[in-house]
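Notes follow once the structure below has been shown.
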Amino acid sequence: MLSQVLTIARFTIIESLRNRLLLLSFLVIGISFGLVEFIGDLAITEHRVTQVAILAAFLRMSAVVIITLFVVSSTVRELHDKTLEMILAMPIRRGNYYLGKMIGYFYIAALVAIIFAVLLLLYADPEQIVIWTISLFFELVLVVALSLVMLFTFNQVPSALAAVFIIYGASRIVTSIFLMAKYPIIAHTSIAQQFMDGFIELLTWLLPDLHRFTQTAWLTYNTADWSTLLPLFGQTVIYLIFLSFIALFDFYRKNF
Amino acid sequence: MHYNHFLHKDRPVSDVPRPVKRLLLLALLMQLTWHSFQEPVVAKAKDLAPPLSTRTYVMSSLGEPIAAAKFLNLWLQAFDNQPGASIPFYQLNYPRLTKWLDTILELDPEGHYPMLVAARVYGSIQNPEKQRIMTDYVFYKFNENPNKYWRWLAHVIITAKHELKDNDLALKYANALAEKATGKNVPYWAKDMKIIVLEDMGEVEAAKILVGALIESNEITDPYELNFLTNKIAVLEEKTLKKRQSVEK
Numbered sequence: 023m024l025s026q027v028l029t030i031a032r033f034t035i036i037e038s039l040r041n042r043l044l045l046l047s048f049l050v051i052g053i054s055f056g057l058v059e060f061i062g063d064l065a066i067t068e069h070r071v072t073q074v075a076i077l078a079a080f081l082r083m084s085a086v087v088i089i090t091l092f093v094v095s096s097t098v099r100e101l102h103d104k105t106l107e108m109i110l111a112m113p114i115r116r117g118n119y120y121l122g123k124m125i126g127y128f129y130i131a132a133l134v135a136i137i138f139a140v141l142l143l144l145y146a147d148p149e150q151i152v153i154w155t156i157s158l159f160f161e162l163v164l165v166v167a168l169s170l171v172m173l174f175t176f177n178q179v180p181s182a183l184a185a186v187f188i189i190y191g192a193s194r195i196v197t198s199i200f201l202m203a204k205y206p207i208i209a210h211t212s213i214a215q216q217f218m219d220g221f222i223e224l225l226t227w228l229l230p231d232l233h234r235f236t237q238t239a240w241l242t243y244n245t246a247d248w249s250t251l252l253p254l255f256g257q258t259v260i261y262l263i264f265l266s267f268i269a270l271f272d273f274y275r276k277n278f
Numbered sequence: 234m235h236y237n238h239f240l241h242k243d244r245p246v247s248d249v250p251r252p253v254k255r256l257l258l259l260a261l262l263m264q265l266t267w268h269s270f271q272e273p274v275v276a277k278a279k280d281l282a283p284p285l286s287t288r289t290y291v292m293s294s295l296g297e298p299i300a301a302a303k304f305l306n307l308w309l310q311a312f313d314n315q316p317g318a319s320i321p322f323y324q325l326n327y328p329r330l331t332k333w334l335d336t337i338l339e340l341d342p343e344g345h346y347p348m349l350v351a352a353r354v355y356g357s358i359q360n361p362e363k364q365r366i367m368t369d370y371v372f373y374k375f376n377e378n379p380n381k382y383w384r385w386l387a388h389v390i391i392t393a394k395h396e397l398k399d400n401d402l403a404l405k406y407a408n409a410l411a412e413k414a415t416g417k418n419v420p421y422w423a424k425d426m427k428i429i430v431l432e433d434m435g436e437v438e439a440a441k442i443l444v445g446a447l448i449e450s451n452e453i454t455d456p457y458e459l460n461f462l463t464n465k466i467a468v469l470e471e472k473t474l475k476k477r478q479s480v481e482k
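These protein sequence lines map, in sequence, to chains A and B.
Using my numbering, read the first sequence as starting at 23 and increasing by one per residue.
Using my numbering, read the second sequence as starting at 234 and increasing by one per residue.
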């Protein structure tokens, strides 16, 4: 069983390398470096902090976009080229296939996170960068799992990508929306308002706390320590299990 | 792979049906004609709009308040240079400007960028009324957190004395600095800013003393800030020299 999982993981990694994913990551690094050096020249004070803040936010978003695009496009190709059908015709469990793909994608996510972190070494404290990189990896793990769920649900690239970006964005800002709803400037007590407040609160319960992950303040003001990662690890494990079982639920019901 | 492959991998142009080529040219002509009938684009300087709520910036940056604050710093700083138009700082709406600075400080409470631009960029224009808005703003922020913002009030003391020529205001600020900035991080000389106000000292000397003292007490560590302040002093020196030369003539 383990060898099957590892074989699938290995081929996923090989595919990513042939897909010029690394080249794309290096391209992002090049663009980011140019951008951040230009920004540094504009700042009249807090020059390093300004560079780090904008670079970290840009790299975080880029990593999420790259990984989502790769996971969705690579899995969709397997679906459309009938490779998946061929694999499942062999004595292999669907769960093992899913696990193998996930491990392969996690490896790629780690690779992208590390490549991006190398650029940050020019601008921020190394210990804070390591914490930031591990947190980015956790975030990408959830993005991988979410991309697979959305793909198994929608089977189409545009709808899967749109759903991933909407859910990811919502996870990042849901706390802000919740606070705005909870402490409005003008209080409303209408049923529609109460319904919306309840719905937003429900979202805060269902979505992962991504606003706590990969914070720019760690790099700008050195505010993170190793214990910061513990709750993030807990959230990642719990939400990964949740997303994986949604994906498997869908995957086991699929007819090819 | 031979480079010819890239050059000749498609069919020759002659294979394209003639109507397609003609329609392509026609479409290009239509686009050019369409553009020629459009009104010419004229550069218009836009007024500074009021800032949105802090939460809006947090949400639109997908939960990255610090990155949003840093980006807004640069955007606001470059607001005088709009495409094709340039607005002098003194034409900006200063009360609105202070709201922007507040929003940025709310997004990134650890940052000092808005205080530097308030004290040394927007507070250094040739318009006493607007300069007062900025000095008041710095004083207001100082009162919120004296041990954090004391050095910006120190800059403003010099502005009040030498640019606004308001000794009472400068003394009021110097007294506030001595009384309220009592933290261990505040150096002794800062509590004695009254000397700079009371002594018959030129603006250049006062600014040099302040910057020198700030460097000595490790308050200025950013080379870009040091460069900026040194340039400011050089401009002041040049101005003073010119004034002196015109008096001598």
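Yeah, the Cβ is synthetic: ideal placement off N, Cα and C, and Gly gets one too.
List the residues of chain B that residue i touches, going by C-beta distances under 8 Å, in chain order.
i      : result
A/E194 : At residue 194 of chain A the sequence reads Arg, which differs from the Glu that was named. Per Cβ cutoff of 8 Å: L295 and G296.
A/M202 : R288
A/S198 : R288, V291, M292 and G296
A/L64  : L307, Q310 and A311
A/G122 : Those do not exist, as A/G122 stays about 31 Å from chain B at its closest Cβ, beyond 8 Å.
For residue i, which residues in chain B fall below 7 Å Cβ to Cβ?
i      : result
A/I239 : Rather than Ile, the amino acid found at residue 239 of chain A in this sequence is Ala. Within chain B, the residues near A/A239 are I299.
A/H233 : G296
A/A75  : I299, A300 and K303
A/G191 : L295
Which same chain residues end up closer than 6 Å to residue i when comparing Cβ atoms and leaving out the 5 residues on each side of it in sequence?
i      : result
B/A301 : Y290, S294 and L340
A/A185 : M172
A/A78  : T238 and L241
B/L338 : P347
A/G62  : H69 and Q73
A/K104 : none
B/A403 : I390, A393, K394 and V430
A/H233 : R194 and T197
Cutting at 8 Å between CB atoms, please list the residues of its own chain near residue i, excluding the five before and the five after it.
i      : result
A/L265 : L164, A167, L168, L170 and V171
B/R384 : A423, L447 and E452
B/Y323 : I358, Q359, N360 and K363
B/M234 : The pLDDT assigned to B/M234 is 49, lower than 50, so where the model puts this residue is not dependable; a value taken from the coordinates is nonetheless given after this. Once the five neighbours on either side are set aside, B/M234 has no close Cβ partner at all.
A/D272 : V171, F174 and T175
B/R353 : H388, F461, L462 and K465
Just the chain A side, please: which residues come within less than 8 Å of residue i by C-beta, in chain order?
i      : result
B/D455 : T67, E68, H69 and R70
B/E458 : I66, T67, E68 and H69
Taking the beta carbon of residue i as the centre, do at least 16 other beta carbons fall within 10 Å, making it buried, or is it exposed?
i      : result
A/S84  : buried
A/P253 : exposed
A/S38  : buried
B/E412 : exposed
B/P298 : buried
A/E59  : exposed
A/G56  : exposed
A/S157 : buried
A/A269 : buried
B/G356 : buried
A/I208 : exposed
B/G296 : buried
B/T541 : The question about residue 541 of chain B has no answer here: the residues shown for chain B are numbered 234 through 482.
A/S47  : buried
A/Y120 : buried
Verify the contact flag: residue i, CB atom, against every heavy atom of the ligand ADP, threshold strictly below 6 Å.
i      : result
B/L256 : Among the components modelled here there is no ligand, and therefore nothing to report on the ligand ADP.
Residues in its own chain within less than 7 Å of residue i by CB, not counting five upstream and five downstream?
i      : result
B/P283 : R329 and K332
B/L469 : E436, V437 and A440
A/F200 : I222, E223 and T226
Hey, residue i and residue j: beta-carbon distance below 7 Å or not?
i      : j      : result
A/I30  : A/G117 : no
B/A414 : B/N380 : yes
B/Y406 : B/L386 : yes
A/V179 : A/V94  : yes
A/L143 : A/I51  : no
A/L64  : B/L307 : yes
A/M202 : B/R255 : no
A/F160 : A/T34  : no
Just the chain A side, please: which residues come within less than 7 Å of residue i by C-beta, in chain order?
i      : result
B/E343 : Y243
Name the chain A residues whose beta carbon is nearer than 9 Å to that of residue i?
i      : result
B/N349 : According to the sequence provided, residue 349 of chain B is Leu. The question's Asn does not apply to it. By Cβ distance, chain A contributes I66, T67 and E68.
B/Y346 : A65, I66, T67, E68, V71 and T72
B/F461 : I66 and T67
I want to verify the contact list: residues of chain B whose CB lies under 9 Å from the CB of residue i, in sequence order.
i     : result
A/I61 : K303, F304 and L307
A/A78 : E297, I299 and A300
- Within the chosen definition, does the region 237-251 of chain A reach the region 148-155 of chain A through at least 3 CB pairs nearer than 8 Å? yes
Contact between the region 225-244 of chain A and the region 195-204 of chain A (3+ Cβ pairs under 8 Å) = yes
>> If contact is defined by three or more beta carbon pairs under 8 Å, each pair taking one atom from either stretch, is the region 129-141 of chain A in contact with the region 89-101 of chain A?
In response: yes
_When you compare the region 436-450 of chain B with the region 377-395 of chain B, are there three or more beta-carbon pairs, one atom per stretch, that lie closer than 8 Å?_
yes
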